Amino acid sequence: MDTNYIIKMLREKGLKVTTQRLAICTFILSRKDHPTAEQIYQELRDEYPTISLGTIYKTLHLLKELGLIQELGFNEGSVRYDPDMELHINMVCSKCGKISDYKTENVEKLWSAIISNLRIKPKGQRIDIYYECEDCK
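To convert, note that position 42 of the sequence shown is 55 in the working numbering; the numbers rise steadily by one, no gaps.
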């Protein structure tokens with residue numbers, strides 16, 4: 014997702030396109046590691062010294078409302094943010110908390126079969142697999 018698309022989405026909603034808001038959007042939408050709001054704050058505060066944690070939370074909430082990110086709670090109690098809205102598995106290290114995405118056609122086939130067999134229209138989905146990553150073995 015490019016910057017122009019983000020600007021367009023914000024303007025369509027009648028929202029200001031501030032430098033900080035754009036930096037947060039660009040940062041989270043380019044990440045695959047499911048950062049927390051606090052991690053985003055730590056990463057951006059040197060370049061944007063006036064940025065606040067409140068601004069980050071508000072922008073993340075906005076992105077969630079726009080359907081551009083998912084908010085994910087995990088066992089360690091923190092909320093993580095994922096810009097990948099396509100069907101995938103969250104691979105979660107039970108020791109260090111690292112999260113990565115795993116995508117395969119088989120997951121999509123399984124999900125379609127479940128929906129078909131149960132005759133439901135799910136409002137969302139989430140599959141997490143907890144394991145020990147290579148760094149923690």
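Even glycine gets a Cβ: it sits at the ideal position worked out from N, Cα and C. Quick caveat, the model's predicted, so the values are computed rather than measured.
Spatial distance of threonine 117 from isoleucine 102 (CA atoms): 9 Å
Host alpha helix (DSSP H) of glutamine 138 (start-end): It is not in any alpha helix (DSSP H) - glutamine 138 carries neither H nor E in the DSSP assignment.
Span of the alpha helix (DSSP H) around valine 120: 118-131
Assigned exposure category for cysteine 38 - 16 Cβ within 10 Å defines buried: buried
7 Å Cβ shell around threonine 72 - same chain, five flanking residues per side excluded: Arg34, Ile37, Cys38
Sequence ranges, alpha helix (DSSP H) only - wholly within the stretch 33-77, length at least 4: 50-57
Local conformation of glutamate 84 per DSSP, three classes: strand
Proximity winner among Ile140, Ile20, Glu25, Tyr115, relative to leucine 85 (alpha-carbon distances): Ile140
Pairwise C-alpha distance: threonine 63 and asparagine 119: 46 Å
Distance, lysine 136 Cα to lysine 77 Cα: 15 Å
Residue range of the unbroken beta strand (DSSP E) whose run includes methionine 226: Outside the shown range of the chain, which is 14 to 150, sits residue 226, and nothing can be said about it.
N-terminal and C-terminal residue of the beta strand (DSSP E) that aspartate 97 is part of: Unbroken run through aspartate 97: none, as it is neither H nor E.
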